Amino acid sequence: MAVDREAMARELQGLVQGAVRVAEPLARYTTFRIGGPAELLVEPAAEDDLARTLTWARERGLPVTLLGGGSNVLVPDEGLPGVVVRIGLDGIRWEPPDPQGRRGVVVGAGTVLARLVHEAARRGFRGLEPCAGIPGTVGGALVMNAGTRHGSIGQVVDWVRVVEPAGRVARWSREECGFAYRSSRMQKEAVPVVAARLVLEPGDPRVILEEIRRHTAYRQRTQPLRYPNCGSVFKNPPGDASGRLIEACGLKGLRHGQAQISEQHANFIINLGGARAEDVLALMTTAWRCVRDRFGITLEPEVRLLGSLARRWPPEAPERDAASGATEPA
């Protein structure tokens, strides 16, 4: 029996405020510029709309995929079934300073991370400098505990407001969020973030802005920001760097279709124009297997593999390399 997606969209639109789209191409919503259509794409206007959307999808047995700024995801070429929820709840609300001069700020999950980082610096509050230059939204940064070796966003969190699987809006403390290296409880349980309260320390705006400038300049100097990409492809293993390991395998410049392991930073895969998710997955597979075979290290993806791609990782089948079709570095 054929599914009437237009009827589903009309039904959901009658329950929520915000856009509901059918067969919406997802490439435009990701920094990789890769991916097929969403069966239904929903952009809730408020927290209650998000909760109603999740309840509606659960009652109908539809899979739900959460999408923030799309900066660390890979969407399959065939797209995503069910409901894709693009969380765009933004806004920044500053609280009065406490007796120690610290300041709380409540931020909507859809707020652009760079906006928050720079606004905090201009106001003279520090703690977000490691997030300088990281693309995407605050919600996405919280889910993956974004940062650098100098620190991460989870360190300044007081609480995070989420929508639990039953559709209830709840507040989780920093401890309940389970922040770890490039992960969180929200990520592991696929729980959407709607807002968070951060606590920042006072500082000299000039010093903070200079540190942000250094972080940003370093990223521009070492990362292939001229091309669409998803950020770091793999997490760094303890005591080492994925980029160094992949480079040591001689894989810089390796291409598959229009995707390439960056010649500038081996832990980045770039879209040269028209790359497909299958191209990226083939390069990831080659790098993963080469590092495993040469160094005995199993790399863990930092990029979120969505839909059918998640079911195909890790690439245990040895015949996949032979079928990958990857070409030698240029």
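Be aware that the sequence shown starts at 1, since it is given in the UniProt record's numbering, and climbs by one per residue. For every residue, glycine included, the Cβ atom is placed at its ideal position computed from N, Cα and C. Just so it is clear, the structure is predicted and the values come from calculations on it, not from any experiment.
{"query": "Same chain only: Cβ atoms within 6 Å of S152, ignoring 5 sequence neighbours per side", "result": "N145"}
{"query": "Sheet register partners of V207 (DSSP bridge)", "result": "None; V207 has no bridge partner."}
{"query": "Cβ pair I246, A287 closer than 9 Å", "result": "yes"}
{"query": "Euclidean distance between Cα positions of E302 and G110", "result": "21 Å"}
{"query": "Residue closest to A9, alpha-carbon to alpha-carbon, out of A38, A27 and V73", "result": "A38"}
{"query": "C-beta neighbour in chain D for C131, strict 9 Å", "result": "Of the protein chains in this structure there is only one, and it is not chain D."}
{"query": "C-alpha gap between L272 and G178, whole angstroms", "result": "37 Å"}
{"query": "As assigned by DSSP and simplified to three states, the class of P237", "result": "coil"}
{"query": "Cα-Cα separation, V143 to A248", "result": "31 Å"}
{"query": "Beta carbon of A282 nearer than 9 Å to that of G257", "result": "yes"}
{"query": "From T53, V156, R33 and D48, residue whose alpha carbon lies closest to that of V73", "result": "R33"}
{"query": "Proximal residues to H265 (C-beta, below 8 Å), its chain only, five neighbours per side dropped", "result": "T222, Q223, P224 and G243"}
{"query": "Counterpart residues of W56 in DSSP-defined beta bridges", "result": "Answer is none; W56 lacks a bridge partner."}
{"query": "For W94, the three-state DSSP class (helix, strand or coil)", "result": "strand"}
{"query": "For V280, the three-state DSSP class (helix, strand or coil)", "result": "helix"}
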